[in-house]
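Per the working numbering: the sequence shown = residues 212 to 400. Just so you know, even glycine gets a beta-carbon here, dropped at the ideal spot from N, CA and C. Notes to accompany the following structure.
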Amino acid sequence: MSASAAPAPRWVTDLNFPPAYKSKSGGIPDPLGYPLQSGTVSKKQAAKESKESKPQPRKQPTPEEMDTLKLKKAWEVALAPIKSLPMTFFMMYMSGNSLQIFSIMMVYMAFKNPIMGLVATNQAFERFESDTNKAKILQVKLAYIVMQLVALGVGIWKVNGMGLLPTTRSDWLAWEAQRDPLEHAVSAF
212 MSASAAPAPR WVTDLNFPPA YKSKSGGIPD PLGYPLQSGT VSKKQAAKES
262 KESKPQPRKQ PTPEEMDTLK LKKAWEVALA PIKSLPMTFF MMYMSGNSLQ
312 IFSIMMVYMA FKNPIMGLVA TNQAFERFES DTNKAKILQV KLAYIVMQLV
362 ALGVGIWKVN GMGLLPTTRS DWLAWEAQRD PLEHAVSAF
């Protein structure tokens, strides 16, 4: 037996002593913030450069920019109900027109969500409203109300498809006056 240890496998050597970093394109420097590879710059130099290049403080947005941002966010909130409408419509279509627990739950959600949205309209937009953009937020609120009414219309469509809306004459027979016949037919023996 020999006293010397067997040489370490190549992957161990490569792991302990990685090869020097070679730029893929010779003349193009690495972008700012790119992590420097070992061997190109020492750790002390990298620490010194990071201390010297502190990020610049962010400029505060002007009130006009803030109003524009608030208005964009308000429009996102206003259009949110219509974005979920295709899925709601498809689920209602697929649930069928019979009275089952699933279709009843779908109809309940189709009425509950728009009604709760209509009730909470001012609360949904109060964080976006300021003195300078009240008129524009009013337009957004009106669009939001229209979107909620469209969503409510889908629920009404489903209830009508299930036959629960009294839209035919036979649904109102209790309030119909009985007709007086003009003639009577009597059977003769």
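task = Run through the region 312–336 for me and flag every whole alpha helix (DSSP H) of 4 or more residues, listed as ranges in chain order.
result = Taking only runs of at least 4 residues, the alpha helix (DSSP H) segments lying wholly in the region 312–336 are 312–330, 332–336.
query = Hey, is the region 322–331 in contact with the region 376–385, meaning 3+ C-beta pairs nearer than 8 Å?
reply = Contact between the region 322–331 and the region 376–385 is absent, because fewer than three Cβ pairs lie under 8 Å.
inquiry  = For a quick check, are the C-beta atoms of Val365 and Thr273 less than 8 Å apart?
reply    = The Cβ atoms of Val365 and Thr273 do not sit closer than 8 Å to each other.
key: Gly250 (DSSP reduced to helix, strand or coil)   = Confidence at Gly250 is low in this model, with a pLDDT of 48, below 50, so the placement of that residue should be treated as unreliable; the coordinate-derived value is given next. Correct three-state label for Gly250: coil.
ask   = How big is the Cα-Cα spacing for Ile315 and Ala289?
value = Taking the straight line joining both Cα atoms gives about 27 Å.
C-beta contact flag for Ile293 and Met358 at 8 Å = For Ile293 and Met358, yes; Cβs fall inside 8 Å.
task = Using three-state DSSP, classify Gly244 as helix, strand or coil.
result = The answer is coil: DSSP assigns Gly244 none of H, G, I, E or B.
ask   = With a CB to CB cut of under 6 Å and the five nearest residues on each side skipped, what residues in its chain are close to Ser249?
value = Model confidence at Ser249 stands at a pLDDT of 47, short of 50, so the residue's coordinates are unreliable; what they give is reported in the following sentence. The answer is none, since no qualifying residue turns up.
Meets three-Cβ-pair contact criterion under 8 Å: the region 301–315 and the region 273–286 = As far as the Cβ criterion goes, the region 301–315 does not touch the region 273–286, which means the pair count is below three.
task = Classify Lys352 as buried or exposed, calling it buried when 16 or more other Cβ atoms lie within 10 Å of its own Cβ.
result = Flag for Lys352 reads buried.
query = Any idea if Pro325 is buried or exposed, counting beta-carbon neighbours within 10 angstroms, 16 or more meaning buried?
reply = Under a 10 Å Cβ-count criterion, Pro325 is classified as buried, with 16 or more other Cβ atoms of the shown protein chains found around its own Cβ.
ask   = Can you tell me whether DSSP reads Gly374 as helix, strand or coil?
value = In the structure shown, Gly374 sits in coil (DSSP, three-state: anything other than H, G, I, E or B).
query = If you run the structure through DSSP and keep just helix, strand and coil, what is Gln359?
reply = Three-state DSSP puts Gln359 in a helix.
task = Drop a sphere of 10 angstroms on the beta-carbon of Phe400, count the other beta-carbons inside from all chains shown, and report buried for 16 or more, exposed for fewer.
result = It counts as exposed.
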